[in-house]
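So the protein sequences, as listed, match chains W and P.
Under our numbering, residue 628 is the last one in the first sequence; the count climbs by one each step, no gaps.
Under our numbering, residue 508 is the last one in the second sequence; the count climbs by one each step, no gaps.
All C-beta atoms in this analysis are idealised placements derived from N, C-alpha and C, irrespective of residue type, glycine included.
Treat the numbers as computed from the prediction; the structure is a model and nothing was measured.
Everything on this sheet refers to the single structure shown next.
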Amino acid sequence: MTPVQLAIVTLLAPLASAAVIALFLRRAGGLASAVSVLAATLIAGAALMLALGNFRFEAAHEWFQLGGLSLSLGIKFDDLAALMLSVVGVVGWCIHVFSLGYMRDDPAHARYFGGLSIFMFSMVGIVLADNLFMLFIFWELVGFSSYLLIGHWHEKQSASDAAKKAFIVNRVGDFGFLLGIVMCYWSNGTVNLTALSSHHVFSMLIPLLLFCGAVGKSAQLPLQIWLPDAMEGPTPVSALIHAATMVAAGIYMLCRINVLMVPDALTVIMWTGTATALYAALCAITQSDIKKVLAYSTLSQLGFMVAAFGLGPTQFIYDNFSDPKIGMLLMQTGVGAAMFHLSTHAFFKALLFLGSGSVIHGCHHEQDIFKMGGLRTKMPLTFWTFTIGVAAIIGFPYLAGFFSKDAILYLAYANNRTVFAVLAFTAILTSLYMVRLWKLTFLGAPRSDHAAHAHEGGFTLTAPLVILAVLSVLGGYTSLYPKVFTGVFSLIPEAEGSAHTVIVLTSLAVMLIGAVGAFALYRPAATDSLAQKSPGLFGALTALKESFDAVYDYYVAKVQQRFAMLLNFLEQIFLSGLIVRGLAGVAGLFGLGARALHVGNLNVYVYWFLGGLTLFWACAAGLL
Amino acid sequence: MTTDLLQQAAASNQWAAIFPELSLGCLALLLLGLEMVLPKDNQRQIPLVALVGQAGILVGLLINFYTATLDTETFNSLLRHTHQGQVMRVFFLVASLLVTMLGMISLPKQKVPRVEFYHIVLVISAAMMLLAQSNHFVMLFVALETVTVGFYILVSYFRTSPFSLEAGLKYLVMGALSSGLLLFGIALLYGVAGNPALPGHTAEPMGFSGLHSFLATGANAHHFLAASGVLLVLAGIAFKIGAFPFQIWIPDVYQGAPTPVTAFLAVGSKAAGFAVLFNLLQVFSPCSWLLVPVITVMAAATILFGNFAALTQHNVKRLLGLSGVSHAGFLLLGVVASVTVPMAVGAVHFYLFAYLLASFAVFGVMAHVAGANDADQELDHYAGLAKTNPFLAAVLVIGLGSLAGIPPLAGFMGKLFIFVAAFKAGHYGLLGVAIVGVVVSIYYYFGWIKAAFFETPTASGDECQASRPQISVGLVARVVLTLLAMATVVLGFYQGPLGVWVALR
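Below you can see the structure in the form of structure tokens.
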């Protein structure tokens with residue numbers, strides 16, 4: 005099998021799995037899960053074979069041609085895609101296995117695994133796509149599968165609302181994305197990624213419109229509102245789609261189109277990411293739902309990645325613009341840092357979500373951290389792996405997050421000190437809310453019956469945790485990776501000399517301040533310690549979180565709804581009333597008239613003939 | 004008349020050239036003979052003999068499609084065998100085959116003699132086939148009268164039903180009137196073409212070639228008598244195809260006639276009219292200054308009248324009759340276009356085939372759904388058909404969809420070809436009228452589909468349903484209906500050999 009065929013199999017296997025489940029296995033949950041996990045195993049295996057075997061290729065096949073517009077379906081498999089595919093494959097496989105245990109008692113087993121498969125298909129499609137149009141198709145498909153899976157428990161009003169919210173908010177971003185693709189095609193004549201990298205028009209609008217797609221999918225300000233709500237889905241879904249892979253697709257897409265970037269666009273991207281990182285970290289502090297904390301943490305980390313991408317060249321590009329080659333190289337440092345953090349984040353955030361899933365499963369679907377506590381002894385394996393995840397995300401030295409976050413901080417330090425300050429402060433908050441979460445969940449005494457009777461899950465629940473924990477520890481050592489991802493990892497900026505010292509010290513300091521602060525502040529109690537000690541601050545943070553939803557609610561209810569009602573009114577009067585019903589009424593009258601002509605009387609019919617003959621005679625005589 | 008002349012005439016009698024018609028006639032006689040010979044119990048098999056016999060003739064005709072007599076005149080120029088004539092022969096054979104099939108469904112529901120029905124259908128088909136190939140007004144009139152007289156009998160075939168008898172009477176009177184007009188037109192043409200005072204007068208004014216050369220000479224085409232004759236002949240044909248203003252008889256007769264006869268009238272008789280019209284259009288081509296505007300106006304009026312009148316019908320037979328009027332209008336559009344655009348002839352033939360497939364699919368369903376009173380077939384009777392008999396409902400949808408011209412069915416392609424031809428010929432106004440007609444037609448076709456799929460039987464409908472036996476579809480009917488529906492779908496996607504074959508001129 006050639007690499008291209010293998011890649012196609014990787015892409016189509018989950019689709020086949022989804023089709024088989026949808027058509028034949030809707031009632032056979034066990035078989036459906038087996039098929040889906042098999043497909044995931046195939047993806048993971050094929051992804052690693054392709055990535056580690058150092059197969060790099062591009063292949064395309066023309067899909068259709070309409071006038072001057074020709075679109076092709078193709079695969080672009082470079083180091084970037086290889087890294088992303090490996091991450092998606094490995095994390096996806098872990099989460100499929102975890103789902104086996106987690107969803108065991110769910111009645112709609114088959115629908116869930118079918119959804120997972122269709123998601124894997126769409127995600128692999130995004131990774132492999134060689135042009136923006138194809139990327140967009142799969143982009144929409146992940147949105148669709150995300151909708152399916154968030155609303156998996158659709159009997160729950162909040163779940164179906166959240167699914168709709170995620171879908172609609174993403175539409176807003178995708179509209180910009182689509183406009184960007186159209187504009188890109190219009191001004192460059194192609195949407196093929198490789199063709200674009202060799203030749204394209206410099207424009208600020210195109211990258212920013214394309215970035216809209218990433219704002220929606222990666223939940224950046226101001227479209228971040230859907231991600232916390234998306235936690236209504238089953239926890240493995242949150243781990244796979246809303247933490248490790250799909251939301252990271254926005255970052256991946258940015259890295260794919262980095263050649264189109266111009267400095268001004270990058271500045272916008274940088275500030276968007278920085279603002280999201282800070283905002284989400286602030287919101288995370290007041291959350292009491294274990295998954296919501298993690299959701300805001302994901303938002304914040306995505307903000308880090310977007311900021312890293314935007315930071316890449318901001319400063320240097322002006323200095324070196326005379327030499328486009330150097331400018332191009334420096335521009336990609338952002339790609340290195342962003343993709344590095346994306347990979348490590350995928351490992352430890354998936355670990356944290358699966359850990360929270362294990363906790364939720366153990367506590368009989370209790371999600372409130374103030375009703376947990378004392379799980380350290382009840383669920384030791386979950387505790388230790390979760391601890392590793394927390395340590396990794398807050399940047400504990402020599403764990404995965406430490407390296408990748410340092411790379412981002414260094415980039416900020418070198419390019420923009422304001423951003424550096426904000427990100428460092430965000431890192432303090434990260435460490436604060438993560439340690440808070442960790443302490444409230446696992447330490448102290450159990451604060452509810454559920455927590456008191458918590459128990460460790462089965463093998464399928466714990467094995468993925470261990471694998472992801474190992475990856476969270478080792479994922480940061482780029483030297484451990486096979487030498488096949490150098491195309492990405494060589495771009496990771498590394499601090500040297502004094503800058504190195506500053507970065508390491510800063511990163512240690514922020515981690516320690518946050519962790520110690522959280523440890524000191526939060527008591528394992530049934531209420532939030534911050535709310536007790538400083539209700540004003542707590543209230544402000546809560547209001548901050550709710551402000552966006554309030555604004556959107558106001559807009560939808562007061563502005564959009566009224567406009568829609570106005571349009572509906574006009575439609576009822578003019579289109580539906582005057583044009584449609586009016587025309588139909590006139591036609592009906594004609595019909596009644598014509599019907600009345602058929603009197604059934606033979607004499608009258610003969611007169612018809614006579615009339616016709618008279619007309620004909622007049623024609624023949626030249627009278628008419 | 005000398006012996007030489009007689010011998011010469013006899014030599015031109017190439018009986019092989021009309022072998023299909025002769026076979027049909029023999030088959031018709033065979034059926035009557037079988038009825039006398041066979042015991043009563045076995046007489047149920049006679050329609051099957053008719054079916055198999057016609058299928059055999061059809062196969063033979065298809066094999067010998069490019070016969071040696073193609074593009075020659077036989078029987079002392081009474082007949083002229085053309086490609087177009089061959090296409091129409093196939094068309095009429097298929098139509099009579101399907102009418103036989105419909106008869107096998109409908110006739111057992113009535114207390115009437117059966118075998119004569121098939122006999123007459125076969126005779127009519129043979130006459131239609133001759134009609135399409137006639138090259139002489141005497142031949143044309145005799146064949147036409149054979150068809151018409153046969154229909155007089157068939158329309159009133161259910162003689163216990165007052166509707167059928169009324170329809171028969173109306174058809175008789177109107178048919179006689181139209182025959183009279185046609186004959187009057189022929190007489191006028193005969194007189195004027197044989198008038199020695201006029202230039203180019205001919206000794207053979209009844210023959211098409213003689214008449215054509217007369218009309219093409221000098222200002223003969225503008226002669227009042229010639230123009231009157233042409234238009235009177237046109238009026239006679241307009242009665243056959245149901246074109247405005249000679250369409251008024253259609254709903255009453257279609258409603259009263261037995262369902263298979265309605266189908267035969269709607270498809271066979273109409274197509275026969277068009278076959279004759281095409282032949283005569285070539286003969287009358289010097290008169291196109293008159294014919295084109297007259298037919299254009301007729302086409303527009305026919306489309307509008309047929310569609311609007313069908314809007315408010317509740318009886319499906321009347322509805323199909325009026326929709327058939329509108330189809331005649333669309334076909335006339337193709338006829339007008341064919342004067343300048345040769346491809347229009349192929350388009351009309353394709354349309355006729357698509358119309359045949361779709362109409363017989365619908366009539367096949369109607370024959371199954373109809374109760375004991377054949378004239379009483381209301382839209383309400385179709386309520387809930389999709390539930391009680393999904394097969395018939397599916398066939399109905401495909402048939403009606405094709406009649407309405409919904410892509411990707413054959414009817415759509417037929418309309419498309421005709422509209423393209425009309426566009427090429429520059430009949431934009433008529434095209435606009437036709438498009439309005441299509442839009443209107445979708446309303447009543449879909450009303451029928453809606454009845455079958457989305458309506459549940461009402462209280463009164465329940466009674467009807469209860470009084471009716473469960474609809475059972477026999478094997479032959481099932482196969483034929485499936486074939487019709489499939490052909491309708493396939494022809495929409497892929498015109499292939501039929502498209503080429505029909506369009507080949």
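In the DSSP assignment, E76(P) falls within the unbroken beta strand (DSSP E) covering 75-77. Under the Cβ criterion (8 angstroms, minimum of three pairs), the region 408-424 of chain W does not count as touching the region 435-445 of chain W. Residue state for S76(W) is assigned as strand, using DSSP reduced to three classes. In this structure, the beta-carbon distance from L395(P) to A454(P) does not fall below 8 angstroms.
One finds F311, A312, A313, L314, T315 in chain P with Cβ atoms closer than 8 angstroms to the Cβ of G595(W), taken in chain order. Here G259(P) has F166, S167, E169, A170, A378 as same chain residues with Cβ atoms under 6 angstroms from its own Cβ, once five neighbours each way along the sequence are excluded. Ranked by how close their Cα comes to the Cα of L478(P), the residues A190(P), L51(P), G327(P), T163(P) have L51(P) in first place. Listed in chain order, the non-local C-beta contacts of T45(W) below 7 angstroms within the same chain comprise W97, local neighbours out to five positions each way being set aside. Within chain W, the residues placing a beta-carbon under 7 angstroms from that of W252(P) are Y609, ordered along the chain. In this structure, the straight-line span from the alpha carbon of T265(P) to that of E159(W) is close to 56 angstroms.
Comparing alpha carbon positions, the residue from I253(P), L284(P), L283(P) closest to V270(P) is I253(P).
If you compare the alpha carbons of C290(P), P289(P), F242(P), L34(P) with that of A274(P), the shortest gap goes to F242(P).
At a C-beta separation below 8 angstroms, W97(W) has no neighbours in chain P, since its nearest C-beta there lies roughly 44 angstroms away. About 5 angstroms separates the beta carbons of L228(P) and L191(P), which is inside the 8 angstroms limit, making them a contact pair. V176(P) belongs to the set of residues whose beta carbon lies under 8 angstroms from a beta carbon in chain W. Of all residues in the region 18-49 of chain W, none places a beta-carbon less than 9 angstroms from a beta-carbon of chain P. With at least 16 other beta carbons inside 10 angstroms of its own, V492(W) counts as buried. Distance from the CA atom of E500(W) to the CA atom of S483(W), rounded to whole angstroms, is 17 angstroms. Take the alpha-carbon of G337(P) and the one of V348(P): they are about 7 angstroms apart.
Out of I156(P), C290(P), L406(P), Y155(P), the CA that lies nearest to the CA of S231(P) is found in C290(P). Using beta-carbon distances, V443(P) counts as an interface residue toward chain W, with a partner under 8 angstroms.
One thing to note: P202(P) has its Cβ within 8 angstroms of the Cβ of G221(P). For L325(P) against A312(P), the beta-carbon gap comes to about 5 angstroms, under 8 angstroms, which counts as contact. Taking L314(P) as the centre and dropping the five residues before and after it, the same chain places the C-beta of V443, Y446, Y447 closer than 7 angstroms to its C-beta, in chain order. Cβ contact annotation for M369(P) (same chain, cutoff 7 angstroms, sequence separation greater than five): T262, V319, Q380, in chain order. With a cut-off of 8 angstroms on Cβ pairs, the region 159-172 of chain W is not in contact with the region 122-142 of chain W, counting fewer than three such pairs.
In the structure shown, the three-state DSSP call for S103(W) is helix. Against chain W, a Cβ distance below 9 angstroms from F333(P) picks out nothing, because the smallest value is about 17 angstroms.
Scanning chain W for C-beta atoms nearer than 8 angstroms to the C-beta of K173(P) yields L606, Y609, reported in chain order. Between S207(W) and G254(W), the C-beta spacing is not below 8 angstroms.
Taking a contact to require three or more Cβ pairs closer than 8 angstroms, the region 556-574 of chain W and the region 421-434 of chain P do not qualify as touching.
As far as DSSP is concerned, A449(W) takes part in no beta bridge. At a cut-off of 8 angstroms, the C-beta of F353(P) has no neighbouring C-beta in chain W. Interface annotation for the region 202-216 of chain W against chain P: empty, criterion Cβ-Cβ distance under 7 angstroms. For A64(W), the enclosing beta strand (DSSP E) starts and ends at 61-70.
In the DSSP assignment, R83(P) falls within the unbroken beta strand (DSSP E) covering 82-84.
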